[in-house]
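First comes the structure, then the notes that go with it.
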Amino acid sequence: MNVELLEQAKMRVPGIPVLVNMVSMRFKQLNEGMRPLVKPLSHDEDRLDIVLREIAEGKLLAQYDFDKFGEKGI
Numbered sequence: 009m010n011v012e013l014l015e016q017a018k019m020r021v022p023g024i025p026v027l028v029n030m031v032s033m034r035f036k037q038l039n040e041g042m043r044p045l046v047k048p049l050s051h052d053e054d055r056l057d058i059v060l061r062e063i064a065e066g067k068l069l070a071q072y073d074f075d076k077f078g079e080k081g082i
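Here it is, written out as structure tokens:
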């Protein structure tokens, strides 16, 4: 895992738990055959680095459904 990409991705996301969920869900999607949102730098680029680049470059965003939690909050 590229630590610099991780730091860039963390700057785009409001919290570590959100980042972990985003990375986990997107990593699974790539493993299932979805195409990356960024061009891989090489044929054997680590999928985790691809996901982090997608987030760092603003290609992958988190959406929040605050109404889902009602008055209780998150």
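In our numbering, the protein residues as written are 9 to 82. Ideal Cβ positions, reconstructed from N, Cα and C, are used throughout, including at glycine. From a predicted model like this one, the values you see are computed outputs, not experimental measurements.
Reduced DSSP secondary structure (H/G/I, E/B, other) of residue i
i	result
E53	coil
K47	coil
M19	helix
E12	helix
M30	helix
A70	coil
E62	helix
Residue i at chain B interface by Cβ criterion, 8 Å
i	result
K18	The question asks about chain B, but that chain is absent: this structure has only one protein chain.
Local Cβ density within 10 Å of residue i, reported as buried at 16 or more and exposed below that
i	result
E15	exposed
I58	buried
M30	buried
L68	buried
When the options are compared against residue i, the one with the closest alpha-carbon
i	options	result
K47	E65, M30, D75	E65
N10	K36, P44, R55	R55
K18	D52, I63, L45	I63
Y72	Q37, G23, E12	G23
Supposed contact pair residue j and residue i - C-beta distance, whole angstroms, cut 8 Å
i	j	result
A70	V28	Not confirmed; about 11 Å, so no contact.
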